[in-house]
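Please read the structure below before turning to the comments.
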Amino acid sequence: MDFMLVIYLALAALAGLAAGAQIHKAVVAKRLGDAEGLAQRIVLEARKEAQAQKKEIILQGKDDLFNQKREQEAEFRDREREIKLKERKLEDAGTRLEERIEKATAKEQELLVQEKDLSRRDRQLAENEAYIQTRIEEEERKLVEIAGMTAEEARQRIIAEVRAKSEHEAARMARQIETDARETADRKAKEIICSAIQRYAGDYVGEQTVTAVSLPSEDMKGRIIGREGRNIRALEAATGVDLIIDDTPETVILSAYSPLRRAIAKMALERLIQDGRIHPARIEDVVQKCTQEMDVQVREIGEQATFDAGVHGIHPEIVHLLGQLRYRTSFTQNVLQHSLEVSALCGMLAAELGFDEKKAKRAGLLHDIGKAVDHEIEGPHAIIGADIAKKYNEGRDIVHAIAAHHEDVRPDTVLAVLVQAADSISGARPGARKELLENYVKRLETLEAIATGFDGVSKAYAIQAGREIRVMVNSESVDDDTTYLLCKQIAEKIEQELTYPGQIRVTVIRERRAVGYAK
70 MDFMLVIYLA LAALAGLAAG AQIHKAVVAK RLGDAEGLAQ RIVLEARKEA QAQKKEIILQ
130 GKDDLFNQKR EQEAEFRDRE REIKLKERKL EDAGTRLEER IEKATAKEQE LLVQEKDLSR
190 RDRQLAENEA YIQTRIEEEE RKLVEIAGMT AEEARQRIIA EVRAKSEHEA ARMARQIETD
250 ARETADRKAK EIICSAIQRY AGDYVGEQTV TAVSLPSEDM KGRIIGREGR NIRALEAATG
310 VDLIIDDTPE TVILSAYSPL RRAIAKMALE RLIQDGRIHP ARIEDVVQKC TQEMDVQVRE
370 IGEQATFDAG VHGIHPEIVH LLGQLRYRTS FTQNVLQHSL EVSALCGMLA AELGFDEKKA
430 KRAGLLHDIG KAVDHEIEGP HAIIGADIAK KYNEGRDIVH AIAAHHEDVR PDTVLAVLVQ
490 AADSISGARP GARKELLENY VKRLETLEAI ATGFDGVSKA YAIQAGREIR VMVNSESVDD
550 DTTYLLCKQI AEKIEQELTY PGQIRVTVIR ERRAVGYAK
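So that you can map any letter, position 468 of the sequence shown is 537 in the numbering used here, and since no number is skipped, the others follow by simple counting.
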């Protein structure tokens with residue numbers, strides 16, 4: 070029994086060992102399977118992570134490559150712009166160089182022609198000298214043989230004859246050279262002037278002596294006239310402009326030879342129409358304000374003129390006088406427009422001749438500055454303008470060019486001659502000026518000057534196209550009896566000093582005003 074028990078226990082132990090081995094084997098197999106699965110998962114995740122890192126690296130590389138490409142393209146565009154800019158500069162420089170080469174070629178050709186001419190004349194002089202020498206020898210031999218003179222006496226006589234003949238020949242050649250030079254200079258001057266005229270194409274419009282003002286309705290004419298005409302009389306007295314109210318629908322005509330007066334009157338009338346309050350006191354107030362505003366506009370016009378001409382550094386008082394030229398005419402040609410034309414033409418002529426273009430433009434712009442005040446100061450406008458330019462520290466050559474542009478003084482510089490030429494070109498263009506209107510305007514100016522020359526006269530306005538002179542006197546210094554005497558004296562002086570068609574009505578107005586304030 071014990072043996073069997075042992076055997077049984079041994080078999081049981083063997084079976085347990087076998088079962089344990091199987092269990093261990095199963096556990097090991099499971100662990101191996103789990104390890105292999107884990108390894109596969111680790112490998113798969115590593116591959117996925119590697120793929121993600123690869124994609125990220127590729128994307129980063131593409132971004133870096135794109136940024137580098139964009140930077141290179143921007144740098145390339147900058148370089149391309151710089152290259153194009155340099156190319157344009159080179160093209161401009163090439164164009165200027167070609168122009169200089171053309172000018173140099175033209176001058177070279179002129180010099181070659183002159184050189185050939187001089188060479189021909191030198192050969193002719195050499196031939197004449199050889200011929201004269203031969204004649205001298207022949208005459209010397211003949212004189213010795215015939216007259217029995219000594220060689221020295223014959224030489225002196227022949228020298229005297231040859232000298233007289235040579236001087237005559239030299240004078241003839243000098244006259245010929247002078248004629249040729251004058252013809253060449255005349256031709257060249259015509260070419261330069263034609264070039265300047267062709268380059269400048271400014272338009273011009275003849276100045277008129279009337280201005281039309283539109284009205285909102287026909288009823289406004291009655292308000293402008295006022296009760297018994299007091300409004301229209303006050304407006305005419307304040308502005309010096311003749312108001313023409315006729316059958317023209319919704320229109321009032323302002324007539325005066327002075328464009329400045331017409332501009333102030335138009336501004337005042339339009340403002341009164343817009344405001345609606347039209348009575349003598351209001352009229353005087355509005356006219357005074359418009360006069361002040363016009364003074365500001367005149368200065369702005371002068372500044373714009375200096376800007377258009379490209380001339381800078383002008384004294385403010387001269388700029389103000391330039392603005393006044395906008396309201397001055399010369400043979401119906403606007404003086405400011407004429408000054409701008411002369412400035413442009415003078416600059417072109419100076420550029421063609423190789424002189425200072427800026428200085429020429431400055432002298433041309435200021436050449437008629439005296440016309441802004443020549444109705445207030447006695448003397449030629451050229452001398453007045455020169456005095457003004459000198460007063461405000463313009464250069465000596467500019468002052469001389471202004472004074473000499475009408476031969477009031479002799480032109481001694483090239484700049485003065487250029488201003489004369491440009492002034493003539495601007496005024497001589499077909500249609501630029503009309504002498505009849507200028508004579509008419511001068512007659513009206515003279516008419517007003519005659520009236521204002523009497524003591525006690527404060528204002529004088531030529532109206533009705535010069536058929537009437539309206540004179541305002543100072544009521545404190547002129548009484549009623551003196552008013553009639555003054556009227557007669559003015560009429561007599563007009564008859565003596567002025568030539569005019571028909572008759573001129575002289576109206577002398579003496580008005581006393583009393584002004585008080587209610588407080």
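Glycine included, every Cβ here is placed at the ideal spot set by N, Cα and C.
I'd like to know whether the C-beta atoms of residue i and residue j end up nearer to each other than 8 angstroms.
i: Tyr-396; j: Leu-513; result: no
i: Leu-441; j: Ile-471; result: In the sequence as displayed, the identity of residue 441 is Ala instead of Leu. For Ala-441 and Ile-471, no; Cβs fall outside 8 angstroms.
i: Val-282; j: Glu-362; result: no
i: His-407; j: Ser-493; result: no
i: Ile-314; j: Lys-290; result: yes
i: Cys-415; j: Ala-473; result: no
i: Ala-458; j: Ile-467; result: yes
i: Leu-409; j: Ala-429; result: no
i: Glu-287; j: Pro-328; result: no
i: Lys-331; j: Leu-341; result: Here the sequence assigns Arg to residue 331, which means Lys is not the residue at that position. Result no, Cβ atoms of Arg-331 and Leu-341 do not sit closer than 8 angstroms.
i: Ile-519; j: Ile-563; result: yes
i: Asp-477; j: Pro-449; result: yes
i: Ile-293; j: Val-321; result: yes
Does the beta carbon of residue i come closer than 8 angstroms to any beta carbon on chain B?
i: Ser-412; result: In the structure shown, chain B cannot be found, because there is only a single protein chain.
Taking its Cβ as the centre, do 16 or more other Cβ atoms sit within 10 Å of residue i, making it buried, or is it exposed?
i: Gly-345; result: exposed
i: Thr-164; result: exposed
i: Val-547; result: buried
i: Ser-188; result: exposed
i: Arg-431; result: buried
i: His-469; result: buried
i: Thr-521; result: exposed
i: Ser-399; result: buried
i: Gln-402; result: buried
i: Val-388; result: buried
i: Glu-144; result: exposed
i: Leu-128; result: exposed
i: Gln-393; result: buried
i: Asn-300; result: buried
i: Asp-133; result: exposed
i: Val-542; result: buried
i: Val-584; result: exposed
i: Ala-162; result: exposed
Return the CA-CA distance between residue i and residue j, expressed in angstroms with no decimal places.
i: Arg-368; j: Pro-385; result: 8 angstroms
i: Gly-439; j: Glu-566; result: 25 angstroms
i: Asp-550; j: Val-510; result: 32 angstroms
i: Ala-173; j: Phe-424; result: 17 angstroms
i: Leu-422; j: Val-411; result: 16 angstroms
i: Val-526; j: Ala-420; result: 52 angstroms
i: Val-231; j: Glu-184; result: 28 angstroms
i: Val-483; j: Lys-176; result: 21 angstroms
i: Glu-118; j: Asp-147; result: 43 angstroms
i: Gln-122; j: Ala-104; result: 26 angstroms
i: Gly-275; j: Leu-405; result: For Gly-275, the pLDDT reaches just 44, beneath the cut-off of 50, and the residue's location in the model is therefore unreliable, leaving the point undetermined.
i: Arg-579; j: Glu-545; result: 9 angstroms
i: Ala-374; j: Gln-558; result: 44 angstroms
Within the continuous beta strand (DSSP E) that includes residue i, where are the two ends?
i: Tyr-530; result: 526 to 532
i: Leu-312; result: 311 to 313
i: Glu-537; result: 537 to 542
i: Arg-574; result: 574 to 579
i: Thr-320; result: 320 to 324
Looking at the secondary structure, which residues open and close the alpha helix (DSSP H) in which residue i lies?
i: Arg-368; result: 349 to 378
i: Thr-308; result: 299 to 308
i: His-450; result: 450 to 460
i: Gly-382; result: Per DSSP, Gly-382 belongs to no alpha helix (DSSP H) and is neither H nor E.
i: Ala-420; result: 404 to 422
### Query
Counting Cβ pairs, one atom from each stretch, are 3 or more of them under 8 angstroms apart for the segment 448 to 462 and the segment 429 to 438?
As far as the Cβ criterion goes, the segment 448 to 462 touches the segment 429 to 438, which means the pair count is three or higher.
### Query
Should the segment 533 to 540 be called in touch with the segment 347 to 367, which here means at least 3 C-beta pairs below 8 angstroms?
A contact between stretches requires three or more CB pairs, one per stretch, nearer than 8 angstroms, and the segment 533 to 540 fails this requirement with the segment 347 to 367.
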